[in-house]
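There are 4 protein chains.
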Amino acid sequence: MGYSKKQQILDSALRLFVHQGIQATSTASIAKEANVATGTLFHHFPSKQSLVLCLYSSIKSELGEAMQQCPHQQAPRQQVRHYWQQALQWAQANPEKLRFLLHIAHDPQFYTSQHQELMVATMNFLVEQIKQAQHQQLLAPLPLDLVLNFCHNHYLACANLFIEQPDLAHQRSYQDGAFQILWQGLSPVKS
Amino acid sequence: MGYSKKQQILDSALRLFVHQGIQATSTASIAKEANVATGTLFHHFPSKQSLVLCLYSSIKSELGEAMQQCPHQQAPRQQVRHYWQQALQWAQANPEKLRFLLHIAHDPQFYTSQHQELMVATMNFLVEQIKQAQHQQLLAPLPLDLVLNFCHNHYLACANLFIEQPDLAHQRSYQDGAFQILWQGLSPVKS
Amino acid sequence: MGYSKKQQILDSALRLFVHQGIQATSTASIAKEANVATGTLFHHFPSKQSLVLCLYSSIKSELGEAMQQCPHQQAPRQQVRHYWQQALQWAQANPEKLRFLLHIAHDPQFYTSQHQELMVATMNFLVEQIKQAQHQQLLAPLPLDLVLNFCHNHYLACANLFIEQPDLAHQRSYQDGAFQILWQGLSPVKS
Amino acid sequence: MGYSKKQQILDSALRLFVHQGIQATSTASIAKEANVATGTLFHHFPSKQSLVLCLYSSIKSELGEAMQQCPHQQAPRQQVRHYWQQALQWAQANPEKLRFLLHIAHDPQFYTSQHQELMVATMNFLVEQIKQAQHQQLLAPLPLDLVLNFCHNHYLACANLFIEQPDLAHQRSYQDGAFQILWQGLSPVKS
DNA sequence: CATGAATGAGACTTCATTCAT
DNA sequence: CATGAATGAAGTCTCATTCAT
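Protein chains in written order, with my numbering: chain A, 1 to 191; chain B, 1001 to 1191; chain C, 2001 to 2191; chain D, 3001 to 3191.
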């Protein structure tokens, strides 16, 4: 009731997409799940494709905002660790949204160069942290796009693991281990 | 002509799947691309679903074989590096096959528990290497499934990056960097 | 602003109907073109069908009025020629209206017996002229409905030709030729 | 049974189009009338549009052939009269086909420049007759496209009249009158 | 083994019309 | 009078699959 019909449609679409896949979900079933008429969906979104993209960008920016809600830290390692935990917590609170990101990232139908750009844009604040840490020789001088790709990808994989097996998420060995791999992986080689 | 019609169908399916997505590719278009009649496809595969699964398992085992074709090495690091390079070379030689693995791994329609099992089975020989290295304290004592997940995922991500931007694949900084992240990420924390 | 919304709707409908066809034009697109809301259209017309019929009868009577605005002439040939030119001028000044008449006249959806009646009613004054001329043996004693049909139809065809190829309308050979066919066609056979 | 499914579809489409209009006839209703499945229609025609165009050109050429099946005559007037009667007979034997021609000729959706070209192409043999007759001063030196337009249009109008009121078709005054208007209309002016 | 016409359920989308504001 | 979100029936077209040849 507090929700607009447009939001109801987006919610239902998300739920169905992650369980059945995007293509396997009909617009009729989305409308039904949202308790609106078929036509209503197309009143708010010109096409199924645009509904998917709208969902995608809204989720992407939601993740970006969630990550930045963390206090400023002194040490770079602590700062990055904060981002990391913030992002993981968001994923555990919004498992379907994360699964959707994972799904769409590998669907040729929706895979565009936007993808890379959107990732960089959303994670821009991370880029700065990393550059700075590399400059301070806290991180190894790896190519920046390689690093970003790794961060993005390791995050999605770990988040997905913790969603599929929620008991792991509460064990320190997994929680610390996941971040250790990230930070250690980017650290300078031990001489 | 040296190819059987069945193989022609598999080849055409792979090509179309990675460019348009599995669901967006019709059996009719596969048959057309393979220069066979619609009915012929269903002589060789009982359904589209079975065609997809057949393609999947054949590619998965092809990757497994490709990785094991490497000489035995003394040092664990060298041994793992060999596996890594073998796998990357296979991906660069078979970009469509890698893209297919990536696509199917995140499609809810085909996502089953098999997936995890198949991954472990294919990478079984790696597990042994890692366990041994952990025992020798060359690698950190991280949970084994976390490690496996990381290896599998980092491989797919790097292979995909090198396929999308082939020029990166030839630069030492990217080649070495990708592996450095892997090995370093699993290494024990510096004092 | 000098135009009422109702008139704006009629104008927009006419424009869209002749370019895309009646059925292919949605009420929504008419409203948009007229810069009014969807609902507004249905305040002024109970249905799309009634909008079409309203447009039809208003155009039909407009043509009737246009034709009668001509001075009384002595000779029957001059009188008919006047009607003819008046009607052609109206068509050239209102090309879309003529195209609409042409379109609707052959659409089974709107084709009713009204059509014949309306044509006769509009052209009633012409009937008298023809009857008289036949009586004076200036015209051949052809069946009256055949004659009327011919007049109506030849007019629409010539008007349409001149609208499609406006340069022809200014050439004497076409202007005179078109009327010559009409008058000559109805004349008594030579010797 | 002697009919192929493709022909059954064309026949049903014609029947429904002339009674309800092209747009008002759904592909589903065509298939039903033809006793085939919906998909069958789209197996033979890539779209509804192409079905319409296929029907159009087949009818147009059928009319062309019907007209040419007449013996060679000495006098131009007799020759043209033969064409005229042949064409009218075809129309009376195929009333739906004529109605379809009439309908499509005025539908903005299908109205293309092809139209004019097709008409000229189909009626090419008539053009020659007319040119010759003009040269012999049996016909007035009117612009050729005006003449052709008139012939085409007068034919459709008369044929339609005779179809709508079949009793008229058997009366000499109408039969002769219709042709008299044609020939007389094109004749030189009485000095 | 191979073919391709035929099937019919179901997908996406459109649209005339209504109604609460 | 005017608005535009909402409706749901209906339209065009797709597609995995079958089967007679």
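Glycine included, every Cβ here is placed at the ideal spot set by N, Cα and C. Small disclaimer: the values here were computed from a predicted structure and weren't measured.
- Legend: CB atoms of the stretch 16–39 of chain A lying less than 9 Å from CB atoms of chain B belong to residues PHE17, VAL18, HIS19, GLN20, GLY21, ILE22, GLN23, ALA24.
- Within chain B, the residues GLN1180, GLN1184 have their CB atoms less than 8 Å from the CB of VAL189(A), given in chain order.
- Residue contact with chain A for ASP1167(B): absent (no Cβ-Cβ distance below 8 Å to any residue of chain A).
- The three-state reading of DSSP puts MET2067(C) in helix, counting H, G and I together.
- What PRO1108(B) touches in chain A, judged by beta-carbon distance under 7 Å, is VAL18, HIS19, GLN20, GLY21, HIS103, going in chain order.
- If you look at VAL3018(D), you'll find it in the alpha helix (DSSP H) that goes 3005–3020.
- Assignment of LEU156(A) by DSSP, reduced to helix, strand and coil, places it in the helix class.
- Note on geometry: alpha-carbon atoms of PHE2045(C) and LEU2051(C) lie some 6 Å from one another.
- The residues ALA3034, VAL3036, THR3040, HIS3044, in chain order, have a CB closer than 8 Å to that of LYS3005(D) in the same chain once the five nearest residues on each side in sequence are set aside.
- For GLN3079(D), the number of other beta carbons within 10 angstroms of its own is at least 16, and it is reported as buried.
- If one requires a minimum length of 4 residues, the alpha helix (DSSP H) runs lying completely within the stretch 3113–3140 of chain D are 3113–3122, 3124–3135, in chain order.
- Taking C-beta atoms under 8 Å as the contact rule, TYR1174(B) and LEU1168(B) qualify, at a distance of about 5 Å.
- With a contact defined as Cβ atoms closer than 8 Å, PRO2108(C) and GLN3020(D) qualify at about 6 Å.
- Judged by pairs of C-beta atoms under 8 Å, the stretch 132–148 of chain A does not touch the stretch 1127–1135 of chain B, as fewer than three such pairs exist.
- Burial check for GLN1180(B): the Cβ neighbour count within 10 Å reaches 16 or more, so the residue is buried.
- Closer than 8 Å to the CB of PHE3150(D) there is at least one CB belonging to chain C.
- Taking VAL2189(C) as the centre and dropping the five residues before and after it, the same chain places the C-beta of ALA2140 closer than 8 Å to its C-beta, in chain order.
- If you ignore the 5 residues before and after ARG81(A), its C-beta comes within less than 7 Å of the C-beta of PHE179, all in its own chain and listed in chain order.
- Classified as buried, HIS1154(B) has 16 or more neighbouring CB atoms from the shown chains inside 10 Å of its CB.
- DSSP places HIS1044(B) inside the alpha helix (DSSP H), whose first and last residues are 1038–1044.
- Linking GLU65(A) to GLU164(A) through their CA atoms gives a straight-line distance of about 24 Å.
- One finds nothing in chain C with a Cβ atom closer than 9 Å to the Cβ of GLY3064(D); even the nearest lies about 20 Å away.
- Classified as buried, HIS2103(C) has 16 or more neighbouring CB atoms from the shown chains inside 10 Å of its CB.
- Taking C-beta atoms as the reference points, LEU14(A) and THR25(A) fail to come closer than 8 Å.
- With the criterion set as a beta carbon lying under 9 Å from some beta carbon of chain D, the members of the stretch 2121–2145 of chain C are ALA2140, PRO2141, LEU2142, PRO2143, ASP2145, in sequence order.
- Taking C-beta atoms as the reference points, PHE3150(D) and VAL3018(D) fail to come closer than 8 Å.
- With respect to chain C, the C-beta atom of TYR3174(D) has a partner C-beta closer than 8 Å.
- Rounded to whole angstroms, the Cβ separation of ALA1159(B) and LEU1088(B) is 6 Å, and the two are in contact under 8 Å.
- SER1058(B) and LEU10(A) have their alpha carbons spaced roughly 38 Å apart.
- In the three-state DSSP reduction, PHE1150(B) falls in the helix class (H, G or I).
- About 5 Å separates the beta carbons of GLN2086(C) and CYS2070(C), which is inside the 8 Å limit, making them a contact pair.
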